[in-house]
Amino acid sequence: EDQVTQSPEALRLQEGESSSLNCSYTVSGLRGLFWYRQDPGKGPEFLFTLYSAGEEKEKERLKATLTKKESFLHITAPKPEDSATYLCAVQDYFGNEKLTFGTGTRLTIIP
Amino acid sequence: NAGVTQTPKFRILKIGQSMTLQCTQDMNHNYMYWYRQDPGMGLKLIYYSVGAGITDKGEVPNGYNVSRSTTEDFPLRLELAAPSQTSVYFCASSYSGVAGVYNEQFFGPGTRLTVL
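Protein chains in written order, with the working numbering: chain W, 1 to 111; chain R, 112 to 227.
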């Protein structure tokens with residue numbers, strides 16, 4: 001059974017203070033690892049897909065990286081609008097495109 | 112494009128009542144999904160569909176039913192509502208076409224359901 005563990009559960013940063021969010025996973029055969037952003041009262045919004053160890057993707061102040069056991073979402077010089085819950089999910093080769101989600105990291109950026 | 116739309120946004124049910132959560136997508140996606148999200152838990156897959164007329168169970172299907180008569184619509188039916196079904200429900204869709212290309216799922220805004 002696929003498993004995803006995200007840490008920390010919550011993170012408070014000052015504006016401009018860089019940090020990283022962790023997503024550890026176990027999966028029988030990784031097809032893809034997905035990062036989503038979720039604002040309160042809204043549905044998850046797609047950020048990145050990573051397919052293989054060593055891969056990196058960037059979008060504005062966010063950079064996602066992938067190893068064989070974990071993924072990191074690095075946030076550089078965050079702004080208050082980056083405050084959200086960040087969700088990690090994995091997809092395996094056997095689950096017909098089903099995603100297994102972690103419980104998320106709630107990020108708060110203090111002005 | 113409106114993307115994935117869900118109705119209603121909020122609903123309160125009494126125990127034993129029934130209701131249908133509506134989901135429509137206008138992106139011509141072949142795959143559609145229903146998830147539930149509970150506080151402190153990850154999103155859990157209830158049912159999914161790989162195309163019109165084809166549905167399958169996810170992790171937590173008990174107490175729910177689905178149908179998919181068109182590409183665009185994927186309603187979720189609760190027959191006898193129970194307090195354990197209090198949750199936020201998200202519909203999602205994705206496109207799977209070329210082998211080896213794994214596309215992201217697009218989510219709707221959610222339906223917040225309370226069963227009292």
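Where a beta carbon is used, it is the ideal one built from N, C-alpha and C, also for glycine.
Taking VAL199 (chain R) as the centre and dropping the five residues before and after it, the same chain places the C-beta of GLN148, GLY221, ARG223 closer than 6 Å to its C-beta, in chain order. ASN96, GLU97, LYS98, LEU99, THR100, PHE101, GLY102, THR103, GLY104: these are the residues of the stretch 93 to 110 of chain W whose beta carbon lies less than 8 Å from some beta carbon of chain R, given in chain order.
Residues GLY174, LEU189, LEU224, VAL226 of the same chain have their beta carbon placed closer than 7 Å to that of GLN196 (chain R), with the five preceding and five following residues left out of the count. Close CB contacts of ASN176 (chain R) within its chain, under the 6 Å cut and outside five residues either way in sequence, are with ARG188 (chain order). Short of 8 Å from the beta carbon of GLY32 (chain W), and not among the five residues preceding or following it, lie these beta carbons of its own chain, in chain order: THR49, LEU50, TYR51, VAL90, GLN91. Across the structure, ASN139 (chain R) and GLY164 (chain R) are spaced so that their CA atoms are roughly 15 Å apart. When the alpha-carbon of SER204 (chain R) is set against those of R:GLU183, R:PRO194, R:ALA193, R:LEU191, the nearest one is in R:GLU183. Close CB contacts of GLY162 (chain R) within its chain, under the 6 Å cut and outside five residues either way in sequence, are with ASN141 (chain order). Per DSSP, reduced to three states, the secondary structure at SER7 (chain W) is strand. Following the DSSP letters along the chain, one finds LYS155 (chain R) inside the beta strand (DSSP E) bounded by residues 155 to 162. Exclusion of the five residues before and after ALA84 (chain W) leaves ARG37, GLN38, ASP39, LEU107 as the residues of its chain whose Cβ lies within less than 7 Å of its Cβ. Nearest CB-CB separation between PHE217 (chain R) and chain W: below the 9 Å threshold. Residue pairing by DSSP places LYS59 (chain W) opposite W:LEU62 in a beta bridge. Residue state for SER180 (chain R) is assigned as coil, using DSSP reduced to three classes. By the criterion of at least three beta-carbon pairs nearer than 8 Å, the stretch 13 to 20 of chain W is in contact with the stretch 61 to 80 of chain W.
Counting of Cβ neighbours within 10 angstroms places MET152 (chain R) among the exposed residues, the total staying below 16. Taking 3 residues as the shortest admissible run, the stretch 37 to 109 of chain W contains the following complete beta strand (DSSP E) segments, listed from N- to C-terminal end: 45 to 50, 56 to 59, 62 to 66, 70 to 75, 84 to 92.
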